[in-house]
Structures are given as C-alpha cells and as structure tokens.
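Colleague: Could you have a look at this structure, given as structure tokens, before my questions?
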Amino acid sequence: MHPRHAMLVAATAVFSLPAHAVQLDLQLLNAFTASTGARNGSAEILDYSADQNTVSSTMAGTSGFGVQVLTLGNTGTLSERGIVTFNSAFGAGTVRDASSTALDPLQRGFGVVSLIPTTNGTTQGKIGFFDYRTGSVGALVTLDVGFHPDSVKFSADGTKLYVVNEGEFTSGGATDAPGSISIIDLSSISTIGDVSALTNAAVSTYDFQAANLGAGVSLSGIRYNDLSAGAVANLYRHIEPEFLTEKNGKLYVTLQENNAFAEFNLASNQWTAIRGLGTITQTIDASDRDGPGGTAAAQINDQVAGLPMPDTLASFEFGGKTYLVTANEGDFRVDDADRQRVAALPASGPGSVDATVAATLNSLYGGNYRANGALGRLRVSSIDGDTNGDGDIDVLTMTGTRSFSVWDAETGLLVKDSGSLESLLLSLDPLKHNITDGLLSSFDARSPDKGPEPEALALAEVGGVRLLFLGLERQNGLLAYDLTDPSNPVLLDYINSLSDGLIAPESLLFVAASRSPTGRALLLGGYESGGGGIGVYSATIVPIPAALPLFGAGLAVLGLVRRRRVATS
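With the numbering used here, the residue at position 488 of the sequence shown is 545, and numbering never jumps.
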C-alpha cells in the first residue's frame with residue numbers, strides 16, 4: 058500500500074475502532090483488460106471456482122455475447138482459457154445481453170450464464186450451460202426461465218440454481234412482462250455429462266401472482282413507477298427483482314424499482330413477505346454548478362430524502378438474527394418517465410412542489426431553490442414525495458441514497474445506514490468527487506444524479522472479522538469495512554484503480570486464502586467500462602496492535618488534510 062494511502066485510511070478509521078480492531082491492506086496484483094474481438098466488451102459479473110482456479114466473467118463483445126473463461130495464476134495474473142458465445146440462443150442476432158454468470162460450487166465442471174433476448178418484453182430469457190474446464194459450450198443445453206434474467210446464483214449445496222428475472226419495464230400497463238425468480242433443479246446432476254439431459258421440466262418460475270403469495274402478503278404499499286389503470290389492476294407485472302441472497306431456507310430478493318425487498322420461503326415455494334424500504338435523508342452535493350460563476354465544486358451541504366432502491370445485497374447472521382446489507386444505487390430509466398430535474402418540475406398543479414414546502418426551500422437557498430447552484434439540477438422522482446395525497450410533492454425525493462445500509466431481515470427495519478459516502482470519498486480522493494466514466498475532467502458531474510453510485514458488494518469472514526467490500530460505479534473506488542458489529546461499520550481501506558485502466562466496478566467477489574492459487578485472500582472486481590476489465594486484489598488482514606503505527610501516522614496526516622482543506626476553501 059502506498060504510504061499516503063495507508064495513512065489516509067488509518068486517519069478515517071481511528072475514531073471508531075472495535076475491540077477486535079484490525080486493519081486491511083488492499084493491493085492491486087493484476088489489472089486484466091482484453092481489448093480485441095469477442096473480448097472487447099464488459100466484464101461486469103464474475104464468479105470463481107477453485108477447480109482449475111477458474112474465473113468466469115460475462116462478456117458483451119464485438120463477436121457476441123456469453124462468457125470469457127480465465128485461469129487465475131499463483132501470482133494473481135489472469136490468462137484466457139476460452140470464449141463461450143451464445144449468439145444463436147434465441148435465433149440469429151437476437152441476443153441482447155449476457156447479464157450474469159456462476160460456476161458450479163460442487164466442481165462438476167459446468168457454469169451458467171443468463172441470456173436476455175432483444176425482445177425481452179415478450180420472449181422469455183434463457184440460462185446457457187458451458188464447460189468451464191475446456192472453456193467451451195460442448196454439448197450442453199439452454200433452458201427457458203422468466204423475462205429478462207438479470208442475476209444467477211447456485212444454492213450452497215449445488216442442488217439448485219436461482220435465477221432473478223427482472224421483468225424490466227417494456228410495454229407497461231396490463232401487458233408488461235412480470236418479474237419473477239426461477240429455480241432450476243440440479244439434484245440429478247452428478248457429472249457434467251448429465252447436464253445435457255436437463256429439460257425445461259427442471260425449471261420452476263415464481264412470479265408475484267396471488268397463487269405464489271403466502272398468507273397475508275400484499276403487493277400494495279410499495280413503490281410502482283407505472284400508475285396507469287392497467288398497471289394498478291396488474292401489480293404483479295410491475296415488480297422488478299434485481300438480486301438475491303440465500304440464508305436459512307429463505308431467499309431475500311431486492312426489488313430495486315419498487316424500493317423494497319421480498320422474502321421467498323424455499324420450503325413452501327411462496328413469497329412470504331414484501332417490505333418497503335421507505336426513505337433515508339442524506340446530506341449530499343446536489344449540483345454540478347454550485348461553484349463560483351456556476352462552475353463545478355464539491356459542496357456537500359444539501360439535505361435530501363432518498364429512496365434506497367438497492368441493487369446488490371448480501372446476508373449474514375449476528376446474535377442469532379439475520380441481517381441484510383445493501384448497496385443503495387438507486388435506479389432511473391428514461392422509459393420509466395418518473396424522473397425530472399427540480400428546475401423542470403411544474404410551477405403549480407399536479408407534480409409541482411407544495412407551496413409551503415417551496416417557500417421553506419426558498420428561504421434556505423437565497424430565494425430560489427430551483428436555481429442551478431441550489432437544487433435545480435438535482436434529478437428527483439416525479440411520482441414520489443406526495444405524503445398527503447393531494448397531488449403535489451411534499452418531500453423532494455431522489456433515487457438512491459449514495460450509501461450502504463444494514464437491515465433486519467425479519468422486520469425490514471433499518472439497523473444502520475452509512476450516510477452519504479461523498480464526504481468520506483472527498484477526504485480520501487478529492488480529485489474524483491462524483492466523476493463519471495473514469496474521467497477526471499468530469500469532476501462533480503454526477504452530483505445531480507446518484508453521486509458515487511454504490512453498486513457492487515461482497516461479504517467475507519476472515520479470522521472472526523466480517524468484511525464488507527463496496528464498489529462505487531461512478532467514483533470508481535472500492536471501500537472495505539469491518540462489519541462484525543452490524544450497527545457499527547468501521548472503515549478499513551480504500552483503493553481506486555482508475556489509473557490502471559479499471560473503470561466502473563459492477564461486481565465484487567471474495568476468494569478465501571484456502572481457495573486461492575496465491576495462498577492469500579483475494580478480492581476480484583468486475584469492471585463495466587473501458588473494454589471490460591477485471592481487477593485482482595490481495596486482501597491482507599493486519600491485527601491491532603500491529604497496525605497501531607499506521608493509526609498514529611494517520612492522525613498526523615488527518616491534521617494536514619484538514620488544514621489544507623481549510624486553506625483552500
């Protein structure tokens with residue numbers, strides 16, 4: 058670790074050390090970026106198997122859609138084993154995306170990839186199977202699942218494959234494709250040779266129609282972005298699952314656009330709870346034009362309510378309870394027609410800001426809260442924040458909270474929110490404040506729209522310490538926390554590999570030392586942009602008191618950093 062990096066990390070961590078305090082050192086071992094042919098595309102989602110030290114990543118390259126299969130070497134290098142494409146899964150030229158991949162945990166030799174068709178609103182998605190040992194599709198099969206399969210995950214015992222089908226908004230109203238999960242029964246598979254005998258009879262899909270809901274479970278009370286009569290009469294078609302985690306016989310599934318998570322009981326094969334996540338008020342930078350003369354500046358002083366709308370989640374147990382941790386990315390799509398800049402909201406009537414609220418905001422922002430240097434540039438929801446049902450907006454509400462959160466899985470109650478990560482990131486890496494697309498020249502550009510955008514997330518347990526790794530898609534950094542106590546996350550480390558050509562972390566994967574070819578614990582990062590890169594990081598735990606010198610040095614640096622910021626403000 059670079060000394061300045063170590064001292065800055067120590068400085069931020071020193072104020073809340075747990076009793077079992079540790080320090081973590083993340084170092085980039087290898088930045089793998091392929092740039093030609095089928096490999097010239099994103100490497101968003103990753104998985105790893107200790108069988109032949111195999112890494113798979115999704116691929117959307119110039120030669121098609123599928124997976125790249127790689128070998129992880131004993132120094133952390135990656136080398137190509139094979140490229141597997143599924144260009145004809147729906148007929149010639151009809152694959153829109155390869156969205157997720159997973160490798161069999163029982164090491165039977167096969168992996169899977171989820172495939173989205175170009176007509177994703179009317180054609181079901183597929184799961185493609187491939188031979189990861191040879192890096193080829195072989196004689197394996199594809200199976201039909203739900204609409205727009207977005208993520209895949211094996212059960213821990215390898216007898217099932219879980220598929221999250223987003224059912225992403227297409228037609229709207231009464232004809233929109235429903236979101237769901239599919240469960241593929243793999244209990245008959247002993248070797249890779251058995252995979253070719255699988256048929257669609259092994260697939261069970263559960264959407265949110267009444268027959269799949271447990272007693273007392275209702276679809277009302279959560280967020281919907283389509284409020285037309287046809288949609289209200291068919292709410293099950295407007296639930297959009299995103300990601301899942303398994304714990305104690307249950308699946309917990311994020312419903313991103315609905316700002317909720319759902320619980321699925323694997324014994325009854327029913328949805329047994331749907332819990333809305335409400336809003337969290339954050340202090341953020343709401344404008345990219347709040348500097349002198351309307352220029353970009355880091356001004357983190359706007360209090361705004363946010364819908365968490367998490368993407369990735371993970372689960373863990375503590376004190377006999379199950380907890381969920383979420384990366385609160387937020388989501389806006391142009392076709393949802395539910396976003397608007399504050400300055401463009403109607404001045405009066407439906408969708409306008411309540412007059413009393415507007416007067417209060419004006420008093421806080423020099424008489425014009427809609428100015429570009431105030432809240433005018435901020436993208437907010439045009440359908441949320443009407444707390445009294447009179448048709449206007451009582452609470453300006455952004456999507457995403459620029460944070461991560463810990464939730465009680467059984468109640469849906471918030472246990473801990475990190476708060477907006479913008480101030481922390483500004484102190485650690487001031488030149489990358491709310492940048493986008495890996496461009497330092499875009500300083501402050503994402504301030505009006507989801508900020509650093511927490512998206513990737515992974516949990517690990519090392520030596521009794523629960524580690525949380527968080528990837529920031531826009532700001533590009535990775536944060537590591539000690540999450541042993543779910544109510545007290547403690548920052549351990551930060552690294553940003555922008556200068557190494559790794560842009561926009563989309564997924565994170567922890568590899569324990571016992572499974573790693575390097576003999577050390579590793580963190581793998583899948584990066585979306587810049588041709589699609591994969592970062593291989595070593596993750597070294599340093600117990601206290603061995604790390605105390607770092608903390609002492611960190612205190613000194615913190616003083617320097619603070620003085621510098623005061624002097625230049």
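Where is the CB? At the ideal position from N, CA and C, for every residue including glycine.
Would you list, in sequence order, the uninterrupted beta strand (DSSP E) runs of no fewer than 3 residues that lie entirely inside the region 223 to 291?
Modeller: Here the runs fully enclosed are 237 to 242 and 260 to 264.
Colleague: Determine whether the beta carbon atoms of Leu529 and Leu516 lie at a separation below 8 Å.
Modeller: No; because the gap between Cβ atoms is not below 8 Å, this pair is not in contact.
Colleague: Alpha carbon to alpha carbon, how far is Asn629 from Ala324?
Modeller: The question about residue 629 has no answer, for the chain in this structure spans 58 to 626.
Colleague: For Ala371, which three-state DSSP category applies?
Modeller: It is a strand residue.
Colleague: Spell out the partners DSSP gives Lys307 in its beta bridges.
Modeller: Lys304 and Asn322.
Colleague: Should Glu628 be labelled buried (16 or more other beta-carbon atoms within 10 Å of its own) or exposed?
Modeller: Because the chain in this structure spans residues 58 to 626, residue 628 falls outside the shown range and cannot be described.
Colleague: For Glu101, collect the residues of the same chain with a Cβ closer than 7 Å to its Cβ; drop the 5 residues on either side in sequence, then sort them by chain order.
Modeller: Contacts found: Thr115, Glu563, Ser564, Gly583 and Glu585.
Colleague: With a CB to CB cut of under 6 Å and the five nearest residues on each side skipped, what residues in its chain are close to Ala400?
Modeller: Closer than 6 Å at Cβ, skipping near neighbours: Arg427 and Gly433.
Colleague: In angstroms with no decimal places, state the Cα-to-Cα distance between Val437 and Leu453.
Modeller: Rounded to whole angstroms, Val437 to Leu453 spans 7 Å at the Cα level.
Colleague: Measure the CB-CB distance between Ile238 and Tyr263 and report whether it falls below 8 Å.
Modeller: Yes.
Colleague: If you draw a straight line from the alpha carbon of Thr216 to that of Lys507, how long is it in whole angstroms?
Modeller: Each residue's Cα considered, the two are about 38 Å apart.
Colleague: Taking Ile140 as the reference, give the member of Phe389, Gly121 and Tyr309 with the closest Cα.
Modeller: Per the Cα distances, Gly121.
Colleague: Suppose the cutoff is 8 Å on Cβ atoms and the five residues either side in sequence are ignored; what does the same chain contact list for Asp233 look like?
Modeller: Taken in chain order, the residues that qualify are Gly178, Gly224, Phe226, Thr227, Asp283, Ala288, Asn291, Arg294 and His295.
Colleague: Going by DSSP in three states, Ala355 sits in which element: helix, strand or coil?
Modeller: Looking at Ala355 - three-state DSSP - the assignment turns out to be coil, as it is neither helix nor strand.
Colleague: Please name the residue in Asn110, Leu103, Ser420 and Asn87 whose C-alpha comes closest to that of Ser573.
Modeller: Cα-wise, what sits closest to Ser573 is Asn110.
Colleague: For the beta strand (DSSP E) that Ala596 lies in, which residues bound it at each end?
Modeller: Residues Gly590 to Pro600.
Colleague: To which residues of the same chain is Phe72 closer than 7 Å at the C-beta, ignoring the five residues directly before and after it?
Modeller: Because the pLDDT at Phe72 is just 38, under 50, the model does not fix this residue reliably, and the point stays unresolved.
Colleague: From the DSSP output, in three-state form, read off Ala95 for me.
Modeller: Its pLDDT being 49, under 50, Ala95 is placed unreliably in this model, and the coordinates cannot settle the point.
Colleague: Helix, strand or coil for Ala401 per DSSP?
Modeller: Note: Ala401 maps to helix in three-state DSSP.
Colleague: Under the assumption that Ala513 contacts Ala394 (Cβ atoms under 8 Å), give the Cβ distance between them as a whole number of angstroms.
Modeller: Wrong, their Cβ atoms sit about 28 Å apart, outside the cutoff.
Colleague: Terminal residues of the continuous beta strand (DSSP E) containing Ala416?
Modeller: Ala416 -> not in any beta strand (DSSP E); alpha helix (DSSP H) instead, spanning Ala412 to Leu421.
Colleague: So, do the region 352 to 362 and the region 332 to 341 have three or more beta carbon pairs nearer to each other than 8 Å?
Modeller: Because the criterion of three Cβ pairs below 8 Å is met, the region 352 to 362 and the region 332 to 341 touch.
Colleague: Below 8 Å on the Cβ atoms is my guess for Phe167 versus Asp188; work out the distance and round it to an integer in Å.
Modeller: Their Cβ separation, rounded to whole angstroms, is 6 Å, which keeps Phe167 and Asp188 in contact under 8 Å.
Colleague: Identify, in the order they occur along the chain, each residue of the same chain with its Cβ nearer than 7 Å to the Cβ of Tyr309, setting aside the five sequence neighbours on each side.
Modeller: Excluding positions up to five away in sequence, the list reads Leu301, Thr302, Phe318, Glu320, Leu370, Ser372, Leu381 and Ala466.
Colleague: DSSP three-state label for Ala604, please.
Modeller: Note that Ala604 has pLDDT 49, beneath the 50 cutoff, so the model's placement of it is unreliable and no number is given.
Colleague: Using 10 angstroms around the beta-carbon of Gly350, count the other beta-carbons present and answer buried if the total reaches 16, otherwise exposed.
Modeller: When all chains shown are included, Gly350 counts as exposed.
Colleague: Just reading off the beta strand (DSSP E) that Leu555 is part of, what are its end residues?
Modeller: That residue, Leu555, is in no beta strand (DSSP E); it is neither H nor E in DSSP.
Colleague: For the region 498 to 506 against the region 338 to 348, are there 3 or more C-beta pairs whose distance is under 8 Å?
Modeller: Touching, per the Cβ criterion.
Colleague: Quick one: using the 10 Å Cβ neighbour count with 16 as the cut-off for buried, is Leu488 buried or exposed?
Modeller: So Leu488 counts as exposed.
Colleague: Beta-carbon within less than 7 Å of Gly430's beta-carbon, same chain only, minus the 5 sequence neighbours each way: which residues are those?
Modeller: Only Ser344, Arg346, Asp347 and Gly351 meet the Cβ criterion.
Colleague: I need the straight-line Cα distance from Ala604 to Gly520, nearest angstrom please.
Modeller: The pLDDT assigned to Ala604 is 49, lower than 50, so where the model puts this residue is not dependable; a value taken from the coordinates is nonetheless given after this. Rounded to whole angstroms, Ala604 to Gly520 spans 16 Å at the Cα level.
Colleague: Roughly how many whole angstroms lie between the Cα atoms of Ala258 and Leu559?
Modeller: For Ala258 and Leu559, the distance between alpha carbons rounds to 41 Å.
Colleague: If you count every other CB in all the chains shown that lies within 10 Å of the CB of Pro403, and 16 or more means buried, which is it?
Modeller: Its Cβ having fewer than 16 others within 10 Å, Pro403 is exposed.
Colleague: When the distance is taken between beta carbons, is Val414 closer than 8 Å to Asp447?
Modeller: No. Outside cutoff.
Colleague: Rounded to a whole number of angstroms, what is the C-alpha to C-alpha distance between Ser193 and Asn326?
Modeller: Their Cα atoms are separated by approximately 34 Å.
Colleague: Which residue marks the beginning of the alpha helix (DSSP H) containing Glu479, and which one marks its end?
Modeller: Residues Glu479 to Leu485.
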